[in-house]
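First the structure, in the form of structure tokens, and then the observations on it.
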Amino acid sequence: MSEENFLAEMIEKYPYVFARAADNIRPFPMFGIECGSGWYPILNQLFACINSHLDWINKGKDDVEKVTFVIAQIKEKFGTLRFYYDGGDEQIHGMARMAEAMSEVTCEVCGNPGQLRGRGWLYTACDQHTRPEDLYNDHDDIGN
Ligand SMILES: [Zn+2]
Numbered sequence: 005m006s007e008e009n010f011l012a013e014m015i016e017k018y019p020y021v022f023a024r025a026a027d028n029i030r031p032f033p034m035f036g037i038e039c040g041s042g043w044y045p046i047l048n049q050l051f052a053c054i055n056s057h058l059d060w061i062n063k064g065k066d067d068v069e070k071v072t073f074v075i076a077q078i079k080e081k082f083g084t085l086r087f088y089y090d091g092g093d094e095q096i097h098g099m100a101r102m103a104e105a106m107s108e109v110t111c112e113v114c115g116n117p118g119q120l121r122g123r124g125w126l127y128t129a130c131d132q133h134t135r136p137e138d139l140y141n142d143h144d145d146i147g148n
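Sequential numbering of the sequence shown, starting at 5, is according to the numbering used here.
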């Protein structure tokens with residue numbers, strides 16, 4: 005699925021997550037989702053959790069009492085997912101950390117189980133999407 009189609013679907017499904025996505029100059033509105041589509045299912049689950057949490061926690065509250073939430077940036081860094089936002093609360097913090105942890109065991113290309121690979125330039129990939137030179141080293145030549 006293309007990033008454009010994925011984002012359009014997410015915005016339609018999770019209105020509380022994206023309610024204020026475009027009202028500031030931030031990397032997210034400018035650059036969108038800066039990671040491979042293998043992590044889209046993780047993001048979908050994260051958005052679903054945040055959306056229902058915001059719906060529940062803000063129900064019946066005045067605007068000044070509501071938990072605010074704005075996505076600042078979604079990207080890959082050092083081989084794993086980084087999800088930055090402004091506002092939120094402890095529950096959303098935990099959800100975001102869980103999603104980032106899931107990216108450490110999920111191929112960024114295809115979404116199959118994977119692991120952190122490479123040296124210097126790190127990435128998370130399944131065996132199929134690992135560069136041949138990274139497949140069998142597992143750092144076992146270090147110290148020999
Ligand atoms: Zn893969």
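Beta carbons: idealized from backbone N, C-alpha and C, even for Gly. Everything numeric in this text was worked out from a predicted model, so none of it was measured.
By DSSP, does A105 sit in helix, in strand, or in coil?
Against the sequence shown, residue 105 aligns to sequence position 101. The three-state reading of DSSP puts A105 in helix, counting H, G and I together.
Measure the C-alpha to C-alpha separation of E108 and L85 and round it to an integer number of angstroms.
By 1-based counting over the sequence shown, the position of residue 108 is 104. By 1-based counting over the sequence shown, the position of residue 85 is 81. If you take the alpha carbons of E108 and L85, they lie about 8 Å apart.
Do the CB positions of G40 and E112 come within less than 7 Å of each other?
Translated into positions along the sequence shown, residue 40 becomes position 36. Translated into positions along the sequence shown, residue 112 becomes position 108. Contact: yes.
Here's the rule: buried if 16 or more other CB atoms are within 10 angstroms of the residue's CB, otherwise exposed. What is R121?
Residue mapping note: residue 121 aligns to position 117 of the sequence shown, counting from 1. Buried, because 16 or more other Cβ atoms sit within 10 Å of the Cβ of R121.
Taking M102 as the reference, give the member of D131, I54 and M5 with the closest Cα.
Within the sequence shown, the letter at position 98 stands for residue 102. When only C-alpha atoms are compared, the closest one is I54.
Can you find the residues in the same chain that come closer than 7 Å, C-beta to C-beta, to Q119, ignoring five residues on each side of it along the sequence?
Mapped onto the sequence shown, residue 119 falls at position 115. Result list for Q119: V109 and T128, in chain order.
Which term fits Y89, buried or exposed, when burial requires 16 or more other beta carbons within 10 angstroms of its beta carbon?
Here residue 89 corresponds to residue number 85 of the sequence shown, with the count starting at 1. Answer is buried; the Cβ neighbour count reaches 16.
For ligand 1, is there any heavy atom lying closer than 6 Å to the beta carbon of C111?
The residue you call residue 111 lines up with position 107 of the sequence shown. Yes, since a heavy atom of ligand 1 falls inside the 6 Å radius drawn around the Cβ of C111.
Which residue wins for smallest C-alpha separation from W60, given the options I46, W43, V21 and A105?
Along the sequence shown, one-based indexing puts residue 60 at 56. Ranking I46, W43, V21 and A105 by Cα distance to W60 puts V21 first.
Classify V68: buried if its beta carbon has 16 or more other beta carbons within 10 angstroms, exposed otherwise.
Position 64 of the sequence shown, counting from 1, holds the residue named residue 68. Exposed: under 16 other Cβ atoms inside 10 Å.
Just tell me which of K63, M106 and G124 has its CA closest to the CA of V71.
Walking along the sequence shown from the start, residue 71 turns up at place 67. Cα-wise, what sits closest to V71 is K63.
Between the alpha carbons of R135 and G83, how many angstroms are there, rounded?
Taking the sequence shown and counting its residues from 1, the one referred to as residue 135 is at position 131. Taking the sequence shown and counting its residues from 1, the one referred to as residue 83 is at position 79. Rounded to whole angstroms, R135 to G83 spans 14 Å at the Cα level.
So is the beta-carbon of Q49 under 6 Å away from any non-hydrogen atom of ligand 1?
For this step, residue 49 is matched to residue 45 along the sequence shown. Checking every heavy atom of ligand 1 against the Cβ of Q49, none is found closer than 6 Å.
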